[in-house]
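As structure tokens, the structure follows; a few thoughts come after it.
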Amino acid sequence: MHILTRGCFRYNQVMRQIRLYGDPVLRKRAEPVAPSGELDDLIEEMFETLRESEGLGLAAPQVGISKRLAVIHFGLISEGGERIAMLNPSIIEKGEEQTRNEGCLSFPGLRLDVNRASWVIFEFLDPQGNRHRYRAHGLAARAVQHEIDHLNGILFIDYLPEAESKSVLEEWEKLQHKRKA
Ligand code: CO
Numbered sequence: 174m175h176i177l178t179r180g181c182f183r184y185n186q187v188m189r190q191i192r193l194y195g196d197p198v199l200r201k202r203a204e205p206v207a208p209s210g211e212l213d214d215l216i217e218e219m220f221e222t223l224r225e226s227e228g229l230g231l232a233a234p235q236v237g238i239s240k241r242l243a244v245i246h247f248g249l250i251s252e253g254g255e256r257i258a259m260l261n262p263s264i265i266e267k268g269e270e271q272t273r274n275e276g277c278l279s280f281p282g283l284r285l286d287v288n289r290a291s292w293v294i295f296e297f298l299d300p301q302g303n304r305h306r307y308r309a310h311g312l313a314a315r316a317v318q319h320e321i322d323h324l325n326g327i328l329f330i331d332y333l334p335e336a337e338s339k340s341v342l343e344e345w346e347k348l349q350h351k352r353k354a
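Residue numbering for the sequence shown is 174 to 354, as defined by the working numbering.
Right under this line is the structure:
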């Protein structure tokens, strides 16, 4: 099946810089991507960036690359320790919604309650071009939906009513300025 290197991480990988909210690449609809060994380095670097930032998932636009590619570390969610790189992922079926708190690496320090399907069936290609269909529940399902949103230029603040997202963003931006100062 599918996945990339299992087991140990390669610690010599370069960490990619994570694009923060305000970077226009986060609002673009990402382009479909063809399976290729040329993606290997990028994917490993995305996993390394994810590990360093202690995130669950990372989409290529978050490292400035507008391609339909995302990585998820299910190991942080389940005991399986499995991580997947998804090319051109799509949701086939989804369950009833539930509200849970989530974060996003492009909004450091911000946590929001977001309504999302409690389970999803999703499809994707692995970097070798094999098609997979998985079912995910709970936090894993949430991560899959969050990352696929990134590929469509959708951010988790978009789930808030407009007035609320505006005030949340103002607060977050103030916090960012303080961090930089
Ligand atoms: Co995110």
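Where a beta carbon is used, it is the ideal one built from N, C-alpha and C, also for glycine.
Predicted, not measured: the structure shown is a model, and the values here were computed from it.
{"Check": "Among the residues of its own chain, which have a CB less than 8 Å from the CB of Arg192, if the five just before and after it don't count?", "Outcome": "Val198, Leu199, Pro234, Gln235, Val236, Gly237 and Ser279"}
{"Check": "Which residue wins for smallest C-alpha separation from Thr272, given the options His323, Ser226, Ala203 and Phe329?", "Outcome": "Phe329"}
{"Check": "Would you report the Cα separation of Leu260 and Glu269, rounded to the nearest angstrom?", "Outcome": "25 Å"}
{"Check": "Buried or exposed: Gln318, going by 16 or more other Cβ atoms within 10 Å of its Cβ?", "Outcome": "buried"}
{"Check": "Compute the beta-carbon to beta-carbon distance between Val293 and Tyr332, rounded to the nearest angstrom, for a pair I have assumed lies under 8 Å.", "Outcome": "Between Tyr332 and Val293 the Cβ distance is about 16 Å, and since that is not below 8 Å, they are no contact."}
{"Check": "Using CA coordinates, which residue listed in Arg308, Leu283, Phe295 and Ala313 is at the minimum distance from Glu346?", "Outcome": "Leu283"}
{"Check": "For Asp299, name the three-state secondary structure that DSSP assigns.", "Outcome": "coil"}
{"Check": "Do you know how far the Cα of Arg315 is from the Cα of Arg289?", "Outcome": "7 Å"}
{"Check": "So, are the CB atoms of Ala230 and Ile216 less than 7 Å apart?", "Outcome": "Looking at the sequence provided, one finds Gly at residue 230 rather than Ala. Cβ distance not < 7 Å, so Gly230 and Ile216 don't count as in contact."}
{"Check": "With a cut-off of 8 Å on the beta carbons, I'd call Leu373 and Arg241 a contact; round off their distance for me.", "Outcome": "Nothing about residue 373 can be read from this structure; the chain reaches only from 174 to 354."}
{"Check": "Could you please give me the residues that DSSP links to Ser263 through a beta bridge?", "Outcome": "Glu296"}
{"Check": "Note down, in chain order, each residue of its chain lying with its Cβ closer than 8 Å to the Cβ of Arg304, except the 5 sequence neighbours on either side.", "Outcome": "Glu296, Phe297 and Leu298"}
{"Check": "Any idea which residues DSSP pairs Gln318 with across the strands?", "Outcome": "Gln318 is not bridged to any residue."}
{"Check": "Ignore the nearest five residues each way along the sequence and tell me which others in Arg183's own chain have a CB closer than 7 Å to its CB.", "Outcome": "Because Arg183 carries a pLDDT of 47, less than 50, the predicted location of this residue cannot be relied on, and the following value inherits that uncertainty. Answer for Arg183: Glu217, listed in chain order."}
{"Check": "With respect to the alpha helix (DSSP H) encompassing Ile216, which residues constitute its N-terminal and C-terminal limits?", "Outcome": "Asp213 to Ser226"}
{"Check": "I think His301 touches Pro208, with their Cβ atoms under 8 Å apart; what is that distance to the nearest whole Å?", "Outcome": "For clarity, residue 301 is Gln in the given sequence; the question names His instead. 6 Å between Cβ atoms; contact."}
{"Check": "Does the separation of the CB atoms of Ala243 and Glu337 fall below 7 Å?", "Outcome": "no"}
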